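Under the working numbering, the residues of the sequence shown are numbered -16 to 521, in order. The structure under discussion appears below in the form of structure tokens.
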Amino acid sequence: MANGIHTELTFEASIEASLLEKGGYVKGFSKDFDPQTGIFPSYVIDFLSQSQPKAWEKISNIHKSDVHQKVINRLLSELESRGTLDVVRNGFKDYGVKFEMGYFRPESSLNPEAEIAYRKNHLSVTRQLYYERKGNNSIDMVLSLNGLPIATIELKNQFSGQSVDNAKKQYVYDREATEPIFQFKKRSLVHFAVDTDECYMTTQLAGKNTRYLPFNLGCSNGAGNPVNKEGYKTAYLWEYVWAKDSFMDIIGKFLHLNVQEFELDGIKKKKETIIFPRFHQMEVVRKITADAKEKGAGQNYLIQHSAGSGKSNSIAWLSYRLSSLHNEKNERIFDSVLVITDRTALDSQLQDTIYQFEHKQGVVKKIDKDSQQLADPITAGSNIIITTLQKFPFVLDKIGELKSKNYAVIIDEAHSSQGGEATKKMKEVLSPRTLEDAEKEEVFSGLDEDAEDEIRKSMEARGRQENLSFFGFTATPKPKTLEVFGTADIDGKPKPFHLYSMRQAIEEHFILDVLKNYTTYQTYFRLSKEIEDDPKVN
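Set out below in structure tokens:
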């Protein structure tokens, strides 16, 4: 159905048809939406009463004939105070009766009831939703979960002379951020501006300050989307990203609320941002976990993600996934995930992100003292351990001793950000055994050696360890690193397992193109001479 670009089926209708027929959605209706509260009250009641009949019976006995209104009021106050994401993940209580507002697919199939509950989710797609309390404006499309709006979508079709830029402007100029459905974190969590070629998204409507991020596949290592012979270039959105399993996975294991605290004129303030993954972040986490699930421990993965790719979030999401990954036999694939980084900010970010998924403290252990402090959690198989680059060789040795356990080691950008200091410390740790060795090393170690080389040597020296999978994040891997950790392509040449190129980062405006205004001396000199000789030359 999605290949009907030239048929009379409009863009909007083909998206809806795909979600209804293949995406696991049911049709929603604008008349069921309450603009005053920004939710679909009847869908909420249907979901609660059908998916949790015992709890519903209890609450009905308490509230009697007012049960519908009172439960909705309770839910609305929870959405106001905690936000949609928290309520969907952790449910809410009314008079001590606990209700879930979303069911997520379990990591293992040990609990068949969880799978049955997952099927009870009610995902709806509503076209032309009239959302204004006073007025008659409508949004092209809204995706909702169990009566709560999660994503709003503005669509433009190039065939009618408008593009994604018009969709972005519509959000900025025609959509009042104060309307309940748009209220930051309390209702919809993400807003997509989409045309037939490109997609952008934002998690907060803020008038002219609204900041959009690209949500495109990338094309020939640059921005945009490749040609799709089957239909629209943006078909991956409704055929893949918004389809039920993918969409529930994003809500359950990607979306998170980032809180930054800072001081302004002596007053403590906090800035909240909802983080929705960019396409390459979502894709790298999914591809790696699928591969690790299939192959188990003992693999190397090189992730070449340019500066501006959002590595910290990718690493946090990946660590969490790997720590809860199970194989077909329902056995955990990794007993522990070790994150090796010299970025102090990553530690608190990792703690915070994972707490939102797990809702329990202590999942992430930070190791900043001695080797014994590191040995204990490795031996005990703590879920996620975060430590520094200098402790990497010790980590390898310890893992080598514990053959019965499997480990995932994620290394955060080994070389560029660490500079020479980390390398020096690594060299001390990997130090030669005798004075002669040291002298030899002085002679042979080139000036261009850095922490990346040290990590590679450290791993090469110990050989491949069957109980260790290595995940290296780097922006510009050296040829030797690619050789050791790359994945062989069809011709047997080593390639990164996943690539988000510098070209794409530049074209998507995440980093500046340093060569953009670059002129060589020779050209500059020639131009200057021209101008001197001919005053008319600009």
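Just so it is clear, CB atoms sit at the ideal spot from N, CA and C, and this is done for glycine as well. Note that the structure is a prediction, hence the values are computed from the model and not measured.
Residue burial classification, residue i (beta-carbon count within 10 angstroms, cutoff 16)
i: histidine 174; result: buried
i: asparagine 313; result: exposed
i: serine 289; result: buried
i: glutamate 411; result: Model confidence at glutamate 411 stands at a pLDDT of 47, short of 50, so the residue's coordinates are unreliable and nothing is read from them.
i: glutamate 311; result: exposed
i: serine 203; result: exposed
i: arginine 447; result: exposed
i: glutamate 244; result: exposed
i: glutamate 490; result: buried
i: glutamate 83; result: buried
i: histidine 105; result: buried
i: phenylalanine -6; result: buried
i: histidine 239; result: buried
i: methionine 231; result: buried
i: asparagine 120; result: exposed
i: glutamine 401; result: Residue confidence for glutamine 401 is low, a pLDDT of 42 falling below 50, so the modelled location carries little weight; the figure read from the coordinates is stated next. Buried.
i: valine 242; result: exposed
i: glutamate 522; result: Limits of the chain in this structure are -16 at one end and 521 at the other, which puts residue 522 out of reach.
i: serine 523; result: Residue coverage of the chain in this structure runs from -16 to 521, which leaves residue 523 outside it and unanswerable.
i: tyrosine 215; result: buried
i: threonine 464; result: buried
i: isoleucine 250; result: exposed
From the options, residue whose alpha carbon lies closest to that of residue i
i: serine 302; options: Asp318, Asp474, Val155 and Ala206; result: Asp318
i: leucine 200; options: Leu495, Tyr390, Arg88 and Leu482; result: Leu482
i: isoleucine 361; options: Glu266, Asn208, Gly383 and Leu68; result: Gly383
i: proline 306; options: Lys236, His492, Ala290 and Pro209; result: Checking the sequence, you will find serine at residue 306 rather than proline. Considering only alpha carbons, the answer is Lys236.
i: tyrosine 86; options: Ala(-4), Glu98 and Leu93; result: Glu98
i: proline 477; options: His263, Leu285 and Ala(-4); result: Leu285
i: isoleucine 394; options: Asp359, Ala434 and Ala363; result: Ala434
i: phenylalanine 375; options: Ser365, Asp325, Lys388 and Phe340; result: Asp325
i: serine 43; options: Tyr78, Leu495 and Ala(-4); result: Tyr78
i: leucine 220; options: Val467, Leu2, Phe454 and Val268; result: Leu2
i: arginine 269; options: Lys251, Glu466, Ile250 and Tyr223; result: Tyr223
i: aspartate 180; options: Ile234, Asp29 and Ala218; result: Ala218
i: tyrosine 114; options: Tyr101, Thr135 and Pro95; result: Thr135
i: histidine 51; options: Asp69, Lys41 and Pro24; result: Pro24
i: leucine 93; options: Gly469, Ala391, Ile122 and Arg315; result: Arg315
i: serine 34; options: Pro95, Asp228 and Ala100; result: Ala100
i: alanine 189; options: Gly207, Gly279, Phe198 and Lys152; result: Lys152
i: glycine 207; options: Gln487, Ile494 and Phe493; result: Gln487
i: lysine 276; options: Gly6, Arg304 and Thr161; result: Arg304
i: glutamate 159; options: Pro132, Val125, Lys117 and Lys139; result: Lys117
Strand pairing of residue i, partner residues [DSSP]
i: leucine 528; result: The requested residue 528 is not part of the displayed model; the chain covers only -16 to 521.
i: phenylalanine 536; result: Residue 536 lies beyond the stretch modelled for the chain, which goes from -16 to 521, so this question has no answer here.
i: glycine 144; result: BP columns for glycine 144 are empty, so no partner.
i: phenylalanine 245; result: Lys252
i: alanine 176; result: Glu137 and Tyr183
i: lysine 523; result: This structure cannot speak to residue 523, because the chain is shown only from -16 to 521.
i: lysine 312; result: According to DSSP, lysine 312 bridges with nothing at all.
i: glycine 201; result: Per DSSP, none; premise fails for glycine 201.
i: threonine 470; result: Lys478
i: phenylalanine 82; result: Phe75
i: proline 523; result: Because residue 523 is not part of the residues shown, which for the chain are -16 to 521, the question remains open.
Check whether residue i and residue j have beta carbons under 9 Å apart
i: isoleucine 438; j: leucine 372; result: yes
i: aspartate 274; j: phenylalanine 75; result: no
i: valine 177; j: glutamate 137; result: yes
i: lysine 53; j: histidine 46; result: yes
i: tyrosine 8; j: glycine 130; result: no
i: isoleucine 55; j: arginine 170; result: no
i: glutamate 90; j: histidine 309; result: yes
i: isoleucine 271; j: leucine 321; result: no
i: glutamine 339; j: tryptophan 300; result: no
i: glutamine 287; j: proline 18; result: no
i: lysine 168; j: glycine 66; result: yes
i: arginine 72; j: isoleucine 234; result: yes
i: alanine 358; j: lysine 381; result: yes
i: phenylalanine 198; j: serine 297; result: no
i: serine 441; j: asparagine 283; result: no
i: lysine 349; j: threonine 370; result: yes
i: serine 32; j: tryptophan 39; result: yes
i: glutamate 246; j: lysine 252; result: yes
i: alanine 471; j: glutamate 396; result: no
i: phenylalanine 468; j: valine 392; result: no
Residue i at chain C interface by Cβ criterion, 9 Å
i: isoleucine 369; result: The question asks about chain C, but that chain is absent: this structure has only one protein chain.
For the structure I just gave you, are there three or more beta carbon pairs, one from the region 132 to 145 and one from the region 194 to 209, closer than 8 Å? no
Please determine if the region 108 to 118 and the region 8 to 17 are in contact, where contact requires at least 3 C-beta pairs separated by less than 8 Å. yes
Check whether the region 252 to 264 touches the region 178 to 191, counting contact only when three or more Cβ pairs, one atom from each stretch, lie closer than 8 Å. yes
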